[in-house]
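Reading through the structure tokens given below for one structure.
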Amino acid sequence: MDQYPYQINSLGHIEIGGVDTVELANKYGTPLYVYDVAVIRERCRSFVDTFKQLGVRAQVAYASKAFSSIAILQVIKQEGLSVDVVSEGELYTALQAGINPEKIHLHGNNKSSRELEMAVENHIGCVVVDNFFEIELLTSILKHHNKKMDVIIRVTPGIKSKTHQYIMTGNEDSKFGFDLHNGQADEAFHLLLENPHVNFKGLHCHIGSQIFDTERFVTATNILFNKLAEWKDSHGFIPKVLNLGGGFGIRYTEEDQPIPLHHYVEKLVETVKEHSEQLDIPLPEIWIEPGRSIVGDAGITLYTVGSQKHIPGVRDYISVDGGMTDNIRPALYQAKYHGLLANRANDANDTVVSVAGKCCESGDMLIWDLPIPKVNSGDILAILSTGAYGYSMASNYNRIQRAAVVFVENGQDKLVIKRETYEDIISHDLSYES
Ligand code: LLP
Numbered sequence: 003m004d005q006y007p008y009q010i011n012s013l014g015h016i017e018i019g020g021v022d023t024v025e026l027a028n029k030y031g032t033p034l035y036v037y038d039v040a041v042i043r044e045r046c047r048s049f050v051d052t053f054k055q056l057g058v059r060a061q062v063a064y065a066s067k068a069f070s071s072i073a074i075l076q077v078i079k080q081e082g083l084s085v086d087v088v089s090e091g092e093l094y095t096a097l098q099a100g101i102n103p104e105k106i107h108l109h110g111n112n113k114s115s116r117e118l119e120m121a122v123e124n125h126i127g128c129v130v131v132d133n134f135f136e137i138e139l140l141t142s143i144l145k146h147h148n149k150k151m152d153v154i155i156r157v158t159p160g161i162k163s164k165t166h167q168y169i170m171t172g173n174e175d176s177k178f179g180f181d182l183h184n185g186q187a188d189e190a191f192h193l194l195l196e197n198p199h200v201n202f203k204g205l206h207c208h209i210g211s212q213i214f215d216t217e218r219f220v221t222a223t224n225i226l227f228n229k230l231a232e233w234k235d236s237h238g239f240i241p242k243v244l245n246l247g248g249g250f251g252i253r254y255t256e257e258d259q260p261i262p263l264h265h266y267v268e269k270l271v272e273t274v275k276e277h278s279e280q281l282d283i284p285l286p287e288i289w290i291e292p293g294r295s296i297v298g299d300a301g302i303t304l305y306t307v308g309s310q311k312h313i314p315g316v317r318d319y320i321s322v323d324g325g326m327t328d329n330i331r332p333a334l335y336q337a338k339y340h341g342l343l344a345n346r347a348n349d350a351n352d353t354v355v356s357v358a359g360k361c362c363e364s365g366d367m368l369i370w371d372l373p374i375p376k377v378n379s380g381d382i383l384a385i386l387s388t389g390a391y392g393y394s395m396a397s398n399y400n401r402i403q404r405a406a407v408v409f410v411e412n413g414q415d416k417l418v419i420k421r422e423t424y425e426d427i428i429s430h431d432l433s434y435e436s
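Yeah, the sequence shown ends on 436 if you go by full-length UniProt numbering, and it's all consecutive.
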């Protein structure tokens with residue numbers, strides 16, 4: 003993770019996975035998401051292999067909200083990961099991609115009865131129970147099907163992570179999970195422990211996203227173990243699973259200083275081991291749910307530069323053929339990105355531009371104040387680290403088609419999601435003419 007995963011070839015073009023990105027832009031058109039599959043595999047292996055080396059039973063569940071499609075889930079399956087889904091659509095995609103249902107975990111703060119039915123009927127591995135309403139709903143569905151299911155409960159440990167408010171999830175004032183400190187987690191624990199339709203296996207927490215240190219994971223683990231110690235004393239409860247969520251940080255710009263992924267695993271294992279020894283219980287299975295750190299910096303987006311606007315003494319804008327429809331993150335979270343010219347990557351940065359999208363919205367800006375060579379219309383701009391929450395949060399605002407997705411590996415490129423057509427866009431429209 004020391005640097006961005008791309009090379010510059012002899013033509014001065016950016017190359018990823020051994021493929022020239024300018025050729026990709028010509029072949030598939032722009033905007034185009036391009037993923038380097040070797041990077042995805044490498045990220046998966048950093049997690050999976052570290053648990054293996056440490057001899058710890060674990061599940062690494064890819065948080066498919068970061069990017070869900072048949073192709074990515076096939077790669078995830080090949081690498082032996084489990085999959086975390088948060089909706090019927092994500093569950094459907096995982097099943098269609100051939101993920102073993104036992105390796106699917108269902109999340110969500112408002113799971114519908116259809117979602118829970120689908121989970122039960124397909125015998126998925128675990129439901130991460132979020133609230134009291136869901137306990138009732140799930141119990142009645144399990145009763146009806148005369149089935150039993152593994153569950154863990156999502157709790158909020160009450161720590162704030164240094165991240166954008168909208169992607170902060172572990173604090174107590176959150177729509178997710180049971181509060182650990184006001185008795186609600188205890189109430190859920192009692193309900194599930196006594197429930198003949200569930201195997202209550204342990205706890206889950208996710209403290210937020212884009213976290214660059216191991217400290218807050220240690221703090222969260224400490225807090226979870228305080229509760230587990232209480233439950234052991236009061237009910238002799240021994241947890242089988244501890245799910246510590248995702249949120250491992252990646253490099254978007256030079257300001258981000260990610261740590262190697264195996265450091266998180268090592269620290270989590272060390273902390274859980276210490277606590278388990280203190281409590282005198284067997285080491286629970288450790289589960290994690292990385293999304294962004296698997297696909298984030300493996301993906302880039304290619305755009306073609308169109309119009310330019312010079313406002314003397316103020317700013318130079320360049321506009322590209324995509325924007326908030328393929329990457330809502332700058333508009334939604336003021337997220338920062340790095341970009342460079344894919345067709346002239348060796349040219350000196352002698353100017354500064356701000357990169358605008360093409361939507362009819364002033365907030366549709368992808369990058370502010372980017373140092374870059376003098377830009378010509380027709381240049382190909384690559385924006386880096388767009389692999390997570392780009393395609394998955396894409397929209398058809400202004401009736402713009404969702405972009406295509408290409409995977410590259412070992413010098414080969416393969417289209418894995420087709421570009422939408424205008425027929426696709428109007429395909430759900432019905433006429434109001436009599
Ligand atoms: N597990 C749970 C329970 C989560 O809620 C999330 C993210 C993850 C795992 C994966 O987190 P990651 O490793 O990808 O950081 N759309 C936002 C991110 C929202 C994340 C919500 N939950 C963004 O674009 O930054």
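Each residue gets a CB set at the ideal place from its N, CA and C atoms; glycine is no exception. Small disclaimer: the values here were computed from a predicted structure and weren't measured.
With hydrogens ignored, establish whether the beta-carbon of Gly247 is closer than 7 Å to any heavy atom of ligand 3.
-> Ligands displayed in this structure: ligand 1; ligand 3 is not among them.
Reference Ile402, options Ser433, Ile385, Asp415, Cys361, closest by Cα | Taking only the C-alpha atoms, the option nearest Ile402 is Cys361.
Whole alpha helix (DSSP H) elements within the segment 244–300, 4-residue minimum | Counting only runs of 4 or more, we get 263–281, 294–297.
Cα separation between Ala60 and Ile10?
-> Rounded to whole angstroms, Ala60 to Ile10 spans 38 Å at the Cα level.
In angstroms, rounded to a whole number, what distance separates the CA positions of Val316 and Ala347?
-> Their Cα atoms are separated by approximately 26 Å.
Let me know if Ala350 comes out buried or exposed under the rule of 16 or more other beta-carbons within 10 Å of its beta-carbon.
-> Ala350 should be labelled exposed.
CB of Tyr35 to nearest heavy atom of ligand 1: below 7 Å?
-> Tyr35: no, Cβ never under 7 Å from ligand 1.
is_contact[Ala40, chain D] using C-beta, thresh 8 Å | The structure shown contains no chain D; it is built from a single protein chain.
6 Å Cβ shell around Val24 - same chain, five flanking residues per side excluded | In chain order, His15, Ala344, Asn345, Ile382 place their CB closer than 6 Å to the CB of Val24, counting only its own chain and leaving out the 5 sequence neighbours on each side.
For the segment 55–139, which segments carrying the alpha helix (DSSP H) assignment without a break, of at least 4 residues, lie completely within its bounds, in sequence order?
-> Along the segment 55–139, the alpha helix (DSSP H) occurs as fully enclosed runs of 4 or more residues at 72–80, 90–98, 115–123, listed in sequence order.
Can you name, in chain order, every residue of its own chain whose Cβ lies under 7 Å from the Cβ of Pro33, other than the five neighbours on each side?
-> Here the set comprises Thr303, Leu304, Tyr305, Asp323, Gly324, Asp328, Ala405.
Kindly indicate which residue of Ala390, Asp426, Leu432 has the alpha-carbon position closest to the one of Phe69.
-> Put simply, of Ala390, Asp426, Leu432 the residue whose alpha carbon is nearest the alpha carbon of Phe69 is Ala390.
Are Gly301 and Gly392 close, meaning C-beta to C-beta below 8 Å?
-> Contact: yes.
So, using beta-carbon positions, are Val85 and Phe409 closer together than 8 Å?
-> Result no, Cβ atoms of Val85 and Phe409 do not sit closer than 8 Å.
Could you tell me if Thr353 is buried or exposed, where buried requires 16 or more neighbouring beta carbons within 10 angstroms of its beta carbon?
-> Thr353 comes out exposed.
Whole runs of the beta strand (DSSP E) within the segment 317–401, excluding any shorter than 3 residues | DSSP runs (the beta strand (DSSP E)) wholly in the segment 317–401: 317–322, 341–343, 353–358, 367–374, 382–385.
Using only alpha-carbon positions, find the residue among Ser12, Phe227, Val77, Gly20 that is nearest to Gln414.
-> Out of Ser12, Phe227, Val77, Gly20, Gly20 has the C-alpha closest to the C-alpha of Gln414.
Through-space distance from Leu244 to Leu334, alpha-carbon basis | Taking the straight line from one Cα to the other gives about 32 Å.
Limits of the beta strand (DSSP E) - the one that Phe409 falls within | In the DSSP annotation of this structure, the continuous segment of the beta strand (DSSP E) that includes Phe409 starts and ends at 406–411.
Neighbour-count burial assignment, Pro286, 16 or more Cβ in a 10 Å radius = The C-beta of Pro286 has 16 or more other C-beta atoms within 10 Å across all chains shown, which makes the residue buried.
Presumed contact (8 Å Cβ cut-off) between Val50 and Gly82, rounded CB distance | With a Cβ gap of about 6 Å, Val50 and Gly82 count as contacting.
Hey, how far is the Cα of His264 from the Cα of His107?
-> His264 and His107 have their C-alpha atoms roughly 23 Å apart.
For Glu17, does the three-state DSSP call read helix, strand or coil?
-> Looking at Glu17 - three-state DSSP - the assignment turns out to be strand.
Residue of Glu291, Val36, Ser295, Gly238 minimising C-alpha distance to Asp282 | Taking each of Glu291, Val36, Ser295, Gly238 in turn and checking the Cα distance to Asp282, the smallest one comes out for Gly238.
Measuring from the CB of Lys67, is there a heavy atom of ligand 1 at a distance below 7 Å?
-> Within the cutoff, so yes.
Please classify His206: does DSSP put it in a helix, a strand, or coil?
-> It is a strand residue.
Would you say Tyr335 touches ligand 1, meaning its beta carbon is less than 7 Å from a heavy atom?
-> Tyr335 Cβ: within cutoff of ligand 1.
Quick one, which of Glu123, Ile313, Val58, Leu386 has its alpha-carbon nearest Trp289's?
-> Selection Glu123, Ile313, Val58, Leu386 evaluated against Trp289 yields Val58 as nearest (Cα-Cα).
Pairwise C-alpha distance: Ser436 and Cys46 = Roughly 55 Å between the two C-alpha positions.
Mark Pro292 as exposed unless 16 or more other C-beta atoms lie within 10 angstroms of its C-beta, in which case mark it buried.
-> By the neighbour-count rule (16 or more Cβ atoms within 10 Å), Pro292 is buried.
Can you grab the Cα-Cα spacing for the pair Lys67 / Thr95, in whole Å?
-> Looking at the two C-alpha atoms, the distance is approximately 11 Å.
Note down the Cα distance separating Gly380 from Ile419, rounded to an integer number of angstroms.
-> Distance from the CA atom of Gly380 to the CA atom of Ile419, rounded to whole angstroms, is 24 Å.
Buried or exposed: which applies to Arg116, given that a residue is buried once 16 or more other Cβ atoms fall within 10 Å of its Cβ?
-> The residue in question, Arg116, is exposed, as its Cβ has fewer than 16 Cβ neighbours within 10 Å.
Considering only C-alpha positions, which residue in the set Ile155, Ile143, Arg218, Tyr8 is nearest to Ile129?
-> In the sequence as presented, Ile is not what sits at residue 129; that position holds Val. Residue Ile155 is the option with its Cα nearest to Val129.
Lys177, DSSP secondary structure in three states = Coil at Lys177, not helix or strand.
With a CB to CB cut of under 7 Å and the five nearest residues on each side skipped, what residues in its chain are close to Leu75?
-> Taking Leu75 as the centre and dropping the five residues before and after it, the same chain places the C-beta of Ser66, Val85, Thr95, Ala96, Ala99, Ile101 closer than 7 Å to its C-beta, in chain order.
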